[in-house]
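Participant:
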Amino acid sequence: MISIIIPCYATLQNNHGSYVQRAVQSALQQTFSRKEIIIVDDGSPVQVLNLWGHPIRVIRHEQNQGLPTALN
């Protein structure tokens, strides 16, 4: 199995919703037979919701911890 991790920090001022959508669509198109897609919402003021269902999982940090922690 391969894990695709997409860290994000979404605000009303940035366009991360669009970037996350494009990243998820790209990940879904990969031809690996077994994959999981993990979106790490790193304490965003605008919560990232799982609008896609399986195999996507959203992990939310209650406060921003920075990119290295989100990737780990």
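Following the numbering used here, the numbering of the sequence shown begins with 11 at its first residue and continues without gaps. In this text, a Cβ means the ideal position worked out from N, Cα and C, and glycines have one as well. Note that the structure is predicted; figures quoted are calculated from it, not measured.
Taking DSSP's pairing of strands, which residues face Glu46 in a bridge?
Facilitator: The residue labelled residue 46 in the question sits at position 36 within the sequence shown. Paired residue(s): Ser13.
Participant: If I'm right that Val50 touches Asn60 with Cβ under 8 Å, what's the distance once you round it to whole angstroms?
Facilitator: Counted from its first residue, the sequence shown places residue 50 at position 40. Counted from its first residue, the sequence shown places residue 60 at position 50. About 12 Å separates the two Cβ atoms, so there is no contact after all.
Participant: Which whole-angstrom value describes the C-beta separation of Ala80 and Ser54, a residue pair presumed to lie in contact below a C-beta threshold of 8 Å?
Facilitator: Within the sequence shown, the letter at position 70 stands for residue 80. Within the sequence shown, the letter at position 44 stands for residue 54. Not quite, the Cβ-Cβ distance comes to about 11 Å (not below 8 Å), so this is no contact.
Participant: Tell me which residue opens and which closes the alpha helix (DSSP H) that Val34 is part of.
Facilitator: Numbered from 1 along the sequence shown, position 24 holds the residue referred to as residue 34. Here the alpha helix (DSSP H) through Val34 covers His26 to Leu38.
Participant: Looking only at C-alpha atoms, which of Gly63, Ile48, Ala37 and Trp62 sits nearest to His71?
Facilitator: Within the sequence shown, the letter at position 61 stands for residue 71. Nearest option by C-alpha distance: Ile48.
Participant: What are the boundary residues of the alpha helix (DSSP H) that Leu61 is part of?
Facilitator: Position 51 of the sequence shown holds residue 61. No alpha helix (DSSP H) holds Leu61; DSSP gives it neither H nor E.
Participant: I need the straight-line Cα distance from Asn24 to Asp52, nearest angstrom please.
Facilitator: Within the sequence shown, numbered from 1, the residue matching residue 24 stands at position 14. Within the sequence shown, numbered from 1, the residue matching residue 52 stands at position 42. Taking the straight line joining both Cα atoms gives about 14 Å.
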